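Remarks on the structure that follows.
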Amino acid sequence: NAGVTQTPKFRVLKTGQSMTLLCAQDMNHEYMYWYRQDPGMGLRLIHYSVGEGTTAKGEVPDGYNVSRLKKQNFLLGLESAAPSQTSVYFCASSLGMETGGLETQYFGPGTRLLVL
Amino acid sequence: RKEVEQDPGPFNVPEGATVAFNCTYSNSASQSFFWYRQDCRKEPKLLMSVYSSGNEDGRFTAQLNRASQYISLLIRDSKLSDSATYLCVVPNAYNNNDMRFGAGTRLTVKP
Chain A
1 NAGVTQTPKF RVLKTGQSMT LLCAQDMNHE YMYWYRQDPG MGLRLIHYSV
51 GEGTTAKGEV PDGYNVSRLK KQNFLLGLES AAPSQTSVYF CASSLGMETG
101 GLETQYFGPG TRLLVL
Chain B
1001 RKEVEQDPGP FNVPEGATVA FNCTYSNSAS QSFFWYRQDC RKEPKLLMSV
1051 YSSGNEDGRF TAQLNRASQY ISLLIRDSKL SDSATYLCVV PNAYNNNDMR
1101 FGAGTRLTVK P
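What follows is the structure, encoded as structure tokens:
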């Protein structure tokens, strides 16, 4: 099992450009998450999904959109990138039992994004 | 007050030392807590879950003090491989799917 994978690993964008980050998991997990991590701050939840076809906003959703068309994939889109979106982006997944998110989250290796 | 606060460190300790980190949280209704470990430029990985007063796993002990709203992580007999950043995680007060991460405590174990 590959676990959680993310593409690309690194990307440089100019202000105003768009891009999509792809997250894939092969563990048949129901829940998937997108976080960003900035220096001196904890990981902050951008959006999450509790199942195929569902998405919900997290703590810092502005400037991002997501889609979960297939259970194994969770896409994060930046429509018009801004320098404030320079960050490391982590995707995670969890089993998704009755306890909801109160369980182990498995993270991908991260995507480093630089917006100039 | 931040939802989850940690001493950023760094903590520099010799091999074999015992070291403890604290994490304070603001959500008094939280029932579950987590410690994740993050190596430099890597993804976080679960270290321990804490559902009651505490949990122990080998050299690692997590303790919960609900009255004072803090969680501690104790590492005994530190190894070089314990060098990492330790993240405290607490569910959001209104949404268990929204986990709140502390900024992390950095530990360096030296020979």
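Going down the list, the protein sequences come from chains A and B.
In terms of our numbering, the numbers along the first sequence are unbroken and rise by one, the last being 116.
In terms of our numbering, the numbers along the second sequence are unbroken and rise by one, the last being 1111.
From the three backbone atoms N, C-alpha and C, an ideal C-beta is built for every residue, glycine too.
None of these values were measured; they are calculated from a predicted model.
ask   = When DSSP labels each residue in this structure, what does residue 116 of chain A get in the three-state scheme?
value = coil
query = Can you name, in chain order, every residue of its own chain whose Cβ lies under 7 Å from the Cβ of residue 1038 of chain B, other than the five neighbours on each side?
reply = 1044, 1084, 1085, 1087, 1104
query = Can you tell which of B:1074, B:1075, B:1065 has its C-alpha closest to the C-alpha of residue 1031 of chain B?
reply = B:1065
inquiry  = Whole angstroms are fine: how far does the CA of residue 1072 of chain B sit from the CA of residue 1035 of chain B?
reply    = 9 Å
inquiry  = Using only CA atoms, which one of A:97, A:109, A:57 lies nearest to residue 5 of chain A?
reply    = A:109
message = Please report whether the beta-carbon of residue 86 of chain A lies at a distance below 8 Å from any beta-carbon of chain B.
response = no
key: Distance, residue 1 of chain A Cα to residue 94 of chain A Cα   = 15 Å
message = If distances are taken between C-alpha atoms only, which option among A:29, A:82, A:17, A:12 comes closest to residue 3 of chain A?
response = A:29
task = Could you check what DSSP says for residue 1080 of chain B in three-state terms: helix, strand or coil?
result = helix
request  = Kindly say whether residue 50 of chain A, judged by its beta-carbon, lies nearer than 8 Å to any beta-carbon of chain B.
outcome  = yes
message = If you reduce the DSSP assignment to three classes, tell me which class residue 84 of chain A lands in.
response = helix
key: Assigned secondary structure, residue 1089 of chain B (DSSP; H/G/I helix, E/B strand, else coil)   = strand
query = Looking at residue 116 of chain A and residue 15 of chain A, is the spacing between their C-beta atoms short of 8 Å?
reply = yes
task = State the DSSP-derived secondary structure class of residue 17 of chain A, mapped to helix, strand or coil.
result = coil
inquiry  = Give me the chain B residues within the contact set of residue 58 of chain A, using Cβ-Cβ distance strictly less than 7 Å, ordered along the chain.
reply    = 1098
inquiry  = Please list, in chain order, the chain B residues whose beta carbon lies closer than 8 Å to that of residue 107 of chain A.
reply    = 1043, 1044, 1045
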